[in-house]
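The structure under discussion appears below in the form of structure tokens.
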Amino acid sequence: MKVTVTARGFDGLERSLDDAADEIVPEGRKVVGKGSLNIKRDWQRRWSGLDHAGGLPRTISYDIRTRGDVIDGETGPDLARGGQAPLGGFLENEYGTPWSAPRPAGQPALDAEEPRFVAAVEKLGADLLEGR
Numbered sequence: 018m019k020v021t022v023t024a025r026g027f028d029g030l031e032r033s034l035d036d037a038a039d040e041i042v043p044e045g046r047k048v049v050g051k052g053s054l055n056i057k058r059d060w061q062r063r064w065s066g067l068d069h070a071g072g073l074p075r076t077i078s079y080d081i082r083t084r085g086d087v088i089d090g091e092t093g094p095d096l097a098r099g100g101q102a103p104l105g106g107f108l109e110n111e112y113g114t115p116w117s118a119p120r121p122a123g124q125p126a127l128d129a130e131e132p133r134f135v136a137a138v139e140k141l142g143a144d145l146l147e148g149r
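Offset between the sequence shown (1-based) and our numbering: plus 17.
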């Protein structure tokens, strides 16, 4: 007994994958940027209202870097902004400061953004493969 299988339509799939490959990094950068902005804003909100570190939320920034097909987003207190940025490490860690208990905000902000980020990446993949 002999079975013959014929598959057709791979040219269209190949074109779709090629088109998606051309767009994945620029579109992925937008997704990472939006996620990083959301984390920054949430982190700032969680640290707002600190009497002794009222300027700390303003030191939080984010950077997006692309190297080849790798996209990195980094969010947190920016020491280059000066001011109270060095206090960020004390508030974020498990020890706090002599004047206040620990007040983690970065990890909770990241955890809150994770499901939205995953959904956005899934949507991006589907949109690119479907040519949208």
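Beta carbons: idealized from backbone N, C-alpha and C, even for Gly.
Keep in mind it's a predicted model, so treat the numbers as computed, not measured.
Of all alpha-carbon atoms in Val42, Pro43, Gly29 and Gly52, the one lying nearest the alpha-carbon of Glu131 is that of Gly52.
An exposed status is given to Leu146, since fewer than 16 other beta-carbon atoms sit within 10 Å of its beta-carbon. Look at the beta carbons and you see the stretch 53–73 not touching the stretch 22–41: under three pairs across the two are nearer than 8 Å. For Glu147, the three-state secondary structure derived from DSSP is coil. Residue pairing by DSSP places Ile81 opposite Gly90 in a beta bridge. For a cut-off of 8 Å, the C-beta gap from Ile88 to Val135 is around 15 Å, too long to register as a contact. DSSP places Ser117 within a strand segment (E or B) once states are collapsed to three. About 6 Å separates the beta carbon of Val42 from that of Asp86, a gap short enough to meet the 8 Å contact definition. Ala70 places its beta carbon less than 7 Å from that of Leu104.
In the three-state DSSP reduction, Ala38 falls in the helix class (H, G or I). Between Lys47 and Glu139, the alpha-carbon positions lie close to 14 Å from each other. Approximately 15 Å separates the beta-carbon atoms of Gly123 and Gln101; this is outside 8 Å, ruling out the contact.
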